[in-house]
Amino acid sequence: MSEKMLDIKEYMYRFLQDSTREKFIDLVFDGVGEQDSIDFKKIWIEPQKLSEIILGMANTGGGVVIFGVEEKEDGTIEAIGLEEIVDKEKQHSKISKFLPNTVKFNILDFDFSGEAYSKIENKMYQMIVIYSDDKDLPYMWDRDSNENQVGCVFIRKGTKTVKANSFELSELIDKKIRSMYAEGSKLALEEHLEQLKVLYEYVGAKENVIHKNILNVGQALLERFQSISESLGEVERTKNPFYPEEDFEEFVANMIKKKKIKIESVLDLK
């Protein structure tokens, strides 16, 4: 299978959505090799160094770290396997100490005991799957250490994890902004309009109506039958000083006009 040859990013996206044993074999032995989104380790490394890799991948679209596999200098892959499977929960806890809560990752086990495929027969592997969401960028180092300070940002460059420079950090922030702007969907618009309606209600009515010279008539009845109340006595109307210049419907109508102008501009009609 050479699906990754066509588009490695698309292949990795599918793998992150469904990390099956078959896809694991493809990923290791189909000649992909180490890169931005893939890192091979012979054994588990210390949590701090591993956290740097996880942050780098999270800031570069996500990826995987596979343990029990080594890439030689000539590019060949050796799937040596692990001597034992480490406790996933304990390992997750050790790594998480260095990461912000927004970083999402899973640890998966792959035990090929009894498998017929010679390269992996009776061997065990583990893998960290790192996810990324543009709206959470940039993912930052979350704990002071001898080497890094809180707020340090890592990215992946090929097979290496490095600290982002000012330009690269700016790119991550721009990506976050574009993601947040894209979330301004119809649903978000409807939520904003509903909240605006509530605010209008708190301001009160556009006009305050005072009914004078009326005896023994309930205010609730007057509000329900205003025409009757006006015939029973004098009515004084005063403008609510806190009410916006535009009522809700006028505001929406004004936004429609502006949106039409924007669309005409995009279509080069004006």
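Just so we're aligned: 300 in the working numbering is position 178 of the sequence shown, and the numbers increase by one with no gaps anywhere.
Yeah, the Cβ is synthetic: ideal placement off N, Cα and C, and Gly gets one too.
(request) Report, in whole angstroms, the separation of the C-beta atoms of residue 188 and residue 225, which I expect to be a contact under 8 Å. (result) Wrong, their Cβ atoms sit about 18 Å apart, outside the cutoff.
(request) Would you check if there are 3 or more beta carbon pairs closer than 8 Å linking the stretch 218-236 to the stretch 274-284? (result) These segments do not touch.
(request) Measure the C-alpha to C-alpha separation of residue 178 and residue 163 and round it to an integer number of angstroms. (result) CA-CA distance, residue 178 to residue 163, rounds to 16 Å.
(request) Indicate the three-state DSSP secondary structure (helix, strand or coil) for residue 243 in the structure shown. (result) Three-state result, residue 243: coil.
(request) Determine the DSSP secondary structure at residue 136, reduced to helix, strand or coil. (result) In the structure shown, residue 136 sits in a helix (DSSP, three-state: H, G or I).
(message) Considering only their Cβ atoms, is the gap separating residue 199 from residue 193 smaller than 9 Å?
(response) Between residue 193 and residue 199, the C-beta gap is smaller than 9 Å, which places the two residues in contact.
(request) Can you give me the Cβ contacts of residue 241 inside the same chain, cut-off strictly under 8 Å, excluding the 5 residues immediately before and after it? (result) Non-local beta-carbon contacts of residue 241 in its own chain, meaning distances under 8 Å to residues more than five positions away in sequence, involve 151, 201 in chain order.
(message) Going by C-alpha to C-alpha distance, which of 247, 375, 140 sits closest to residue 191?
(response) Ranking 247, 375, 140 by Cα distance to residue 191 puts 247 first.
(request) Compare the Cα-Cα distances from residue 184 to each of 251, 244, 230, 172 and report the closest residue. (result) Of the candidates 251, 244, 230, 172, the one whose C-alpha sits nearest the C-alpha of residue 184 is 251.
(message) Rounded to whole angstroms, what is the Cα-Cα separation between residue 379 and residue 371?
(response) Distance between residue 379 and residue 371, taken at the CA atoms: about 13 Å.
(request) Spatial neighbours of residue 301 within its chain, please: CB distance less than 6 Å, with the 5 preceding and 5 following residues excluded, ordered by chain position. (result) If you ignore the 5 residues before and after residue 301, its C-beta comes within less than 6 Å of the C-beta of 256, 257, all in its own chain and listed in chain order.
(message) In whole angstroms, give me the CA-to-CA distance for residue 181 and residue 211.
(response) Taking the straight line joining both Cα atoms gives about 24 Å.
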